[in-house]
Amino acid sequence: MSRVKEETYEHESAIFDESARKDDEVFRLAVADLNLNNEILETEKITISVEFVDGNNPFQAVQEAAVQPCVPTLEVEEGTYHHHHPHHHHHIIIIIIIIIIIIIIIIIIIIIIRLGGPFRNESFSLMVELVNKGMR
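Numbering (the numbering used here), first residue to last: 3 to 138.
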């Protein structure tokens, strides 16, 4: 590579590095500003993740771009009370399914009790009578 091309390449990589550092600084300031807000502090934890790529190594830049975009990202972690993410709806669905299963089990037990069930001892018969009185 000629000397002129080397100098141009080094100059361009320096611009790339400086731009990445400025982006990092802007994101850090944004996170700091958000963390000053009490409401956000009470409901969310905000973190920043920035990866620097050596501007003098184009192969590393290509490799990093293939693994993940070279863009600073803000990540928001779910808070204790106020913040809800759409991907957490599966917890609600699981709870609803469990409640439905419990209701079905209770209905089956009530049907067995009303029919007299396979149990014939006195304490169970007394329980059946109490349940039947409560159902009427």
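Positions of the beta carbon are idealized from the N, C-alpha and C atoms, including for glycine. Keep in mind it's a predicted model, so treat the numbers as computed, not measured.
- Contact between I107 and V130 does not hold, since their C-beta atoms are separated by about 17 Å, which reaches or exceeds 8 Å.
- In this structure, DSSP gives L31 a helical state, which the three-state scheme calls helix.
- In the displayed model, L132 falls within a helix according to three-state DSSP.
- If you draw a straight line from the Cα of I100 to the Cα of I94, it is about 10 Å long.
- In this structure, the CA atom of V33 is about 10 Å from the CA atom of E27.
- Here the alpha carbon of L117 sits roughly 20 Å from the alpha carbon of I104.
- Between the alpha carbons of V133 and H92 lies a distance of about 36 Å.
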